[in-house]
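**Student:** Residue numbers (the UniProt record's numbering), protein chains in the order written: chain L, 1 to 726; chain E, 1 to 726.
Each residue gets a CB set at the ideal place from its N, CA and C atoms; glycine is no exception.
Pasting in a structure now, in structure tokens, and then I'll have a few things to ask.
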């Protein structure tokens, strides 16, 4: 099983290294992925002339750091894309000028009277204009940061091969707070991180500012990400001590020109651990005073500090319930400390009790719905897309739509816990889109999750989306080249939750690999089916939470025992000789009742439930006839196999792109796809071997038996699988 | 204290990032340190013509992987250095040919009859020759690996600006085994590593071979390093399981063409932990059988496996003494398992007992000298340079010269535990040289440590030198640009222990930064005094082991208590109101008696002891008159201050090189020097504040008082300082 599989891939990697390892000549310039989607390699030859004519001159101030960032990015980008940077000019002196700015930074922009006001602080427009008879492109905004976003958008037009004539683009974000959550520990470990160590070099901060910090900010700004939570939600109080606040402040200073505000995960018990108090009771006056003082201290160092993210009374973290108080009591106390400074509390709804014997999927709803309306104005409740935990597929979280008086933030994962880690090509945007398009029916049909998140359904004053980052010290940032697409897609969908996963994929492929149609189409094709394939080979038909204990690497549907039932696999699949699945209808845990009645009816009815959620909501006999006509057992095996086949097909497609993608990145993707195929097969085989002991049914005709015995699969141990929690 | 010190340096770093972060044009090509000393940037203009004439044609076979490595390196190197690669040719057809090979790989080399035999397997010669009337350079060896070493040497001539005429170079290594010890854990942590995570991606091995592995091999081969121990001496038995052996085998395959053999640290209790045995007693037949089988299994996967490195009965590691057996019993049992395959055991002498109340400095000698002559032929005993543990300065280990019948290997540290970690510029070659030149007097004057190590003193059949690597996943490999020099110098001195630290520094600076005299001289100057400066600001006059507990970061001479006395600081400095220092003369622990009589007399005599070891061997009153005429207390303060001043001077020198070194590397070094100055000051101030409580004496005139109170220094805590053990 764990033998070296593709000698060819290994050899190719070595060969690639020979060619590209230490580049000594321009033509050998290695593509190692560091540049992300901001590679700025020369555009296709047939477009160069036109683009050069449309971007021949740059009129852009650099009086503020953000203005300088926009101007420098345009110079860098255009120089790379067109082979020559446009001339900087104070005024428009020829056709093809690009004018960047705000009415206050640029007299030219002011004179154009472009009706920017409705764009808000972060919006921008890009419009083809005429300036004293000369043709020009205006990138205009109300604020420097909008102009920077516009500059990245303008560059994206060239990067994706769009025409630059007759432009009339207006963009503003539909979600106000677009943040990355870094689950980065202070010792450099990244929980659920598969891209190496943390990029934050806490030990050398604040004195050494790695150039990578600025590139991180550029990449995020290119997507409109405007906030970053630096430390793990499983946090240490130490992050709030002066020594660490100065380190965070140094990062904030690097990020500020790019419109990115720093947030910190706050440990609820910090007043005890670093404040010397006896309690962290949120109603205790000393505790309140301590947090007020702490907020003041932070804002003195970081004037635009964003606020706190809090994981409280969840998986062993301290919280207000330790003192008999509610989540609202805890959040409001912190919110009061931040309010004078304009800060926000992001309070996580990912809670499930150690004592509560109820279906884990129900607990967040049960705890939070009664608190609706009880939170301060500057509190947001951050809700994962599904009610369990970042599974390959989950129905939307029942909290969405159920708290009309409390702004709910989305928490998506960008990193791939439960999704194959770095080596599995799994494009997550279809998963994001699936959740965002789900209809809660809370205010009638069309009450989508997206409309909860963008605030339009309930009129939230605050809106936000968080992505658990997949960023690490690996040279290519995300551990694999394709995982960069998940960072990209998250950022794009946070800006506009209505964007289509396919459009984002195409944009990303064009920027990251090639604008050639015969590269774009197959790569987008691979990506678009990849998440469904992962669902198939890991947890088809609504199965969930069947992975190895702790590290969550590989299949382990046999996990049972241990500290709590809902950390096992058997809790979730409930396989017996008769059938499989978690009955969450009225005859079971009745979790369906947490949804609006039309949704509850659909999910709760075996005839109506989408088959992708079949075993999420229903316990079904092995011979249950699925919609394909196949009995459940056969359908399960069919889907496992289909998932493996899809990966095999991706390998084939990728092999066909040899020579069309630079050698170094092609080799790594090829090697990772080989690992993915091996592990997809492992998931399929181990799962079938295990569930067959319950179903007692033969494999359908044509289905290969598992390569090894169930005992073999059960014997595998991976104590050093990456990203484990601590 | 821990405020952001140099806004200027930070800003410079950000600026450098703007310029170089994501290079988009050749002229902006960032120097991020990845290329190490193999940058192959164009030679000085005035030499190009001459060099091109001397390397116009390349005659080199590529029939074996090692031959291919040599040829490719020459093509890569010469293309970079000269702007154009030499023409490959089968024969010499013009002046300026470079002929590479062995008598069996190259008919041309064979015909030249160059008397290579005495060079041994790894040696080579580089000679200006005439081939049918055409002037050429022959790089000849007996074995492909010698030719590869010769190719690197030839490139070094160009890299350092040497003439290529009338070459007559003969080189062969004076030490047979030149190995790196990686203290890398299986989870990616590097014990005492300050350059990020481990470069071994165990999780993705053997399927994914990072191109970095081949660059690692190239860098090591360029120095003649021919072995690498992949895992921490504090090892896990898991490293010896099939899953991990296949991972190690994949690395061995990448390294093999470069002449690098893989070794593993072996956990002595592995037969119990992964073998299912009840005991690991080295005399137990089952245990012997288990290790023989294990060796067989390893050699089937890695036919050129080097052998085992073992840390046994030391700092809690299991070992033969757990069963009442000796180190020789343990080592010999493993040696017998490896012997049929040609493997070697490197058995560490870094032992000190949990029970033994004797001076820790004496324990290795006491345990090992009685075992001299009792080890198998394929066992080497690996001895740290000094008897404590990689302190900034230690007298040479008394074992050197004391085990004439047992091959002793040197263990130097390349990483900088106790030496300021990555941010302190401390060039270690003078320390290596100081140890190697030390005279043991064991066979009369001239019985240097170098002659023990190279085997000439005692006629050892095996010889070796180990360096504890400073390599990690940081882009520049070593955590700082200047720490690359320690890797470089270690490799060069392992090849030839007589090389001068200054010559190595000059070579390295020329290859790494510049061949311009007004850059080379000041940078070499900085490096050469840097280690003495670290001794001064940390532990002058023979003080030792005064750093923070566990992580060993920063000053903590006040450490006392805890599990064992010899893990405290007070154990070592023994300061009282009367004086300071560890009496290791006959009136004290009598550690001096472990040296040969002339050395023992010198070290043991207050009049004769080198002042740099004064407090290592003697407890001396505060008013003792040192050789400067200053009382001890004043001299101590003087040296602390001198160390800080040296760092300040290095910063000044480096500032003067602005514009002479590429911006990105210049900025990082500048920022690190600023940190070093701050921390040197911290060492001085904290040490003075503490020792003054004993001396009770005023600071000498002109000496600034500590910036903070002793309480302040004692209050500092660094729970996440990098590189801590686990």
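#1: How would you label residue 634 (chain E), buried or exposed, when you count the other beta carbons within 10 angstroms and need 16 or more for buried?
#2: Just the C-alpha distance for residue 679 (chain E) and residue 647 (chain E), rounded to the nearest angstrom, thanks.
#3: Which whole runs of the beta strand (DSSP E) in the region 101-149 of chain E are 3 residues long or more, in chain order?
#4: Whole angstroms is fine: what's the gap from residue 82 (chain E)'s alpha carbon to residue 244 (chain L)'s?
#5: Compare the C-alpha of residue 511 (chain L) against each of L:32, L:30, L:34, L:40 and name the closest.
#6: Quick one: what's got a C-beta closer than 8 Å to residue 713 (chain E)'s C-beta in the same chain, skipping five residues either side?
#7: Can you grab the Cα-Cα spacing for the pair residue 622 (chain E) / residue 596 (chain E), in whole Å?
#8: Is there at least one Cβ from chain L nearer than 9 Å to residue 415 (chain E)'s Cβ?
#9: For the region 661-683 of chain E, list every residue whose C-beta sits within 9 Å of some C-beta in chain L, in sequence order.
#10: Figure out for me which residue from L:719, L:181, L:88 has the closest Cα to the Cα of residue 464 (chain L).
#11: Taking the C-alpha atoms as reference points, what is the distance between residue 516 (chain E) and residue 164 (chain E)?
#12: Decide if residue 545 (chain L) is buried, meaning its Cβ has at least 16 other Cβ atoms within 10 Å, or exposed.
#13: If the cut is a Cβ gap below 9 Å, which residues of chain E does residue 720 (chain L) touch?
#14: Output the distance between the C-alpha atoms of residue 123 (chain E) and residue 64 (chain E), rounded to the nearest integer angstrom.
#15: Identify whether residue 411 (chain E) lies in helix, strand or coil by the three-state DSSP scheme.
#16: What span of residues does the alpha helix (DSSP H) with residue 465 (chain L) cover, start to end?
#17: Does DSSP put residue 396 (chain E) in a helix, a strand or coil?
#18: Counting only beta-carbon atoms, is residue 45 (chain L) nearer than 9 Å to chain E?
#19: Can you find the residues in the same chain that come closer than 8 Å, C-beta to C-beta, to residue 174 (chain E), ignoring five residues on each side of it along the sequence?
#20: Whether or not the region 481-495 of chain E and the region 221-233 of chain E are in contact is what I'm after, with contact meaning three or more pairs of Cβ atoms, one per stretch, closer than 8 Å; do they touch?
#21: Starting from residue 491 (chain L), follow the alpha helix (DSSP H) in both directions and report where the run begins and ends.
#22: Would you list, in chain order, the members of the region 420-449 of chain L that have their beta-carbon closer than 7 Å to a beta-carbon of chain E?
#23: Is the Cβ of residue 495 (chain E) closer than 9 Å to any Cβ of chain L?
#24: Residues of chain E with CB under 9 Å from residue 196 (chain L), in chain order?
#25: Can the beta-carbon of residue 177 (chain L) be found less than 9 Å from the beta-carbon of residue 403 (chain L)?
#26: Are there 16 or more other CB atoms within 10 angstroms of the CB of residue 247 (chain L), so buried, or fewer, so exposed?
#27: Going by alpha carbons, who is nearest to residue 528 (chain L) out of L:108, L:508, L:709?
#28: Can you list, in chain order, the stretches of the alpha helix (DSSP H) that have 4 or more residues and sit fully within the region 629-680 of chain E?
#29: Using C-beta distances below 6 Å, list every residue in its chain close to residue 398 (chain L), excluding the 5 sequence neighbours before and after it, in chain order.
#30: Does the separation of the CB atoms of residue 141 (chain E) and residue 155 (chain E) fall below 9 Å?
#31: Just to confirm the assignment, what range does the alpha helix (DSSP H) spanning residue 294 (chain E) have?
#32: What residue does the beta strand (DSSP E) around residue 60 (chain E) start on, and which one ends it?
#33: Closest Cβ-Cβ distance between residue 211 (chain E) and chain L: below 9 Å?
#34: In chain order, what are the residue ranges of uninterrupted alpha helix (DSSP H) at least 4 long that sit wholly in the region 160-186 of chain E?
#35: Taking only heavy atoms of the ligand COA into account, decide whether any of them is closer than 8 Å to the Cβ of residue 343 (chain E).
**Tutor:** In this structure, then:
#1: In the second chain, residue 634 (chain E) corresponds to position 634, counting from 1. Label assigned to residue 634 (chain E): buried.
#2: On the second chain, residue 679 (chain E) is found 679 positions in, with the first residue counted as 1. On the second chain, residue 647 (chain E) is found 647 positions in, with the first residue counted as 1. Taking the straight line from one Cα to the other gives about 10 Å.
#3: For the region 101-149 of chain E, whole beta strand (DSSP E) runs of length 3 or above, ordered along the chain, are 124-131, 134-141.
#4: The residue given as residue 82 (chain E) occupies position 82 in the second chain. The residue given as residue 244 (chain L) occupies position 244 in the first chain. Rounded to whole angstroms, residue 82 (chain E) to residue 244 (chain L) spans 48 Å at the Cα level.
#5: Position 511 of the first chain, counted from the start, is the residue given in the question as residue 511 (chain L). Out of L:32, L:30, L:34, L:40, L:40 has the C-alpha closest to the C-alpha of residue 511 (chain L).
#6: Working through the second chain from its first residue, we reach residue 713 (chain E) at position 713. Excluding positions up to five away in sequence, the list reads 555, 682, 685, 686, 689, 690, 706.
#7: Locating residue 622 (chain E) in the second chain gives position 622, counting from the first residue. Locating residue 596 (chain E) in the second chain gives position 596, counting from the first residue. Taking the CA atoms as reference points, residue 622 (chain E) sits about 30 Å from residue 596 (chain E).
#8: Counted from its first residue, the second chain places residue 415 (chain E) at position 415. No, residue 415 (chain E) lies away from the interface with chain L (no Cβ there is under 9 Å from its Cβ).
#9: 664, 667, 668, 671, 672, 674, 675, 678
#10: In the first chain, residue 464 (chain L) corresponds to position 464, counting from 1. Nearest option by C-alpha distance: L:181.
#11: The residue you call residue 516 (chain E) lines up with position 516 of the second chain. The residue you call residue 164 (chain E) lines up with position 164 of the second chain. Residue 516 (chain E) and residue 164 (chain E): Cα-Cα distance of roughly 19 Å.
#12: Indexing the first chain from 1 puts residue 545 (chain L) at position 545. Result: buried.
#13: Here residue 720 (chain L) is taken as the residue at index 720 of the first chain, counted from 1. Correct list: 185, 186, 187, 188, 202, 203, 236, 238.
#14: On the second chain, position 123 is the one that residue 123 (chain E) refers to. On the second chain, position 64 is the one that residue 64 (chain E) refers to. In a straight line, the C-alpha of residue 123 (chain E) is about 18 Å away from that of residue 64 (chain E).
#15: As a working mapping, residue 411 (chain E) is identified with position 411 in the second chain. Reduced to three states, the DSSP call for residue 411 (chain E) is strand.
#16: In the first chain, the residue the question calls residue 465 (chain L) occupies position 465. Counting along the chain, residue 465 (chain L) falls outside any alpha helix (DSSP H), though it belongs to the beta strand (DSSP E) covering 464-468.
#17: In the second chain, the residue the question calls residue 396 (chain E) occupies position 396. Correct three-state label for residue 396 (chain E): strand.
#18: Residue numbering aside, residue 45 (chain L) sits at position 45 when the first chain is read from its first letter. Chain E contact via Cβ: absent.
#19: Taking the second chain and counting its residues from 1, one reaches residue 174 (chain E) at position 174. Answer for residue 174 (chain E): 454, 463, 495, 496, 497, 498, listed in chain order.
#20: yes
#21: Here residue 491 (chain L) corresponds to residue number 491 of the first chain, with the count starting at 1. From DSSP, the alpha helix (DSSP H) with residue 491 (chain L) extends over 483-495.
#22: 423
#23: In the second chain, residue 495 (chain E) corresponds to position 495, counting from 1. By this cut-off, residue 495 (chain E) is not an interface position.
#24: Along the first chain, one-based indexing puts residue 196 (chain L) at 196. Near residue 196 (chain L) (Cβ distances below 9 Å), the residues of chain E are 188, 196, 197, 201, 473.
#25: Here residue 177 (chain L) corresponds to residue number 177 of the first chain, with the count starting at 1. Here residue 403 (chain L) corresponds to residue number 403 of the first chain, with the count starting at 1. No, the Cβ-Cβ distance between residue 177 (chain L) and residue 403 (chain L) is not below 9 Å.
#26: Start at 1 with the first residue of the first chain, and residue 247 (chain L) comes out as number 247. Classification for residue 247 (chain L): buried.
#27: For this step, residue 528 (chain L) is matched to residue 528 along the first chain. Ranking L:108, L:508, L:709 by Cα distance to residue 528 (chain L) puts L:508 first.
#28: 632-655
#29: Within the first chain, residue 398 (chain L) is the residue found at index 398, counting from 1. Result list for residue 398 (chain L): 365, 594, 595, in chain order.
#30: For the purposes of this step, residue 141 (chain E) is taken as residue 141 along the second chain, with counting starting at 1. For the purposes of this step, residue 155 (chain E) is taken as residue 155 along the second chain, with counting starting at 1. Their beta carbons are not under 9 Å apart, which means residue 141 (chain E) does not touch residue 155 (chain E) by this criterion.
#31: The count along the second chain starts at 1 and reaches residue 294 (chain E) at position 294. Residues 285-301.
#32: Reading the second chain from its first residue, position 60 is the one you call residue 60 (chain E). Counting along the chain, the beta strand (DSSP E) containing residue 60 (chain E) begins and ends at 57-60.
#33: Taking the second chain and counting its residues from 1, one reaches residue 211 (chain E) at position 211. Answer yes: the Cβ-Cβ gap between residue 211 (chain E) and chain L drops below 9 Å somewhere.
#34: If we require 4 residues or more, the region 160-186 of chain E turns out to have no alpha helix (DSSP H) run fully inside it.
#35: No copy of the ligand COA appears in this structure; indeed no ligand is present at all.
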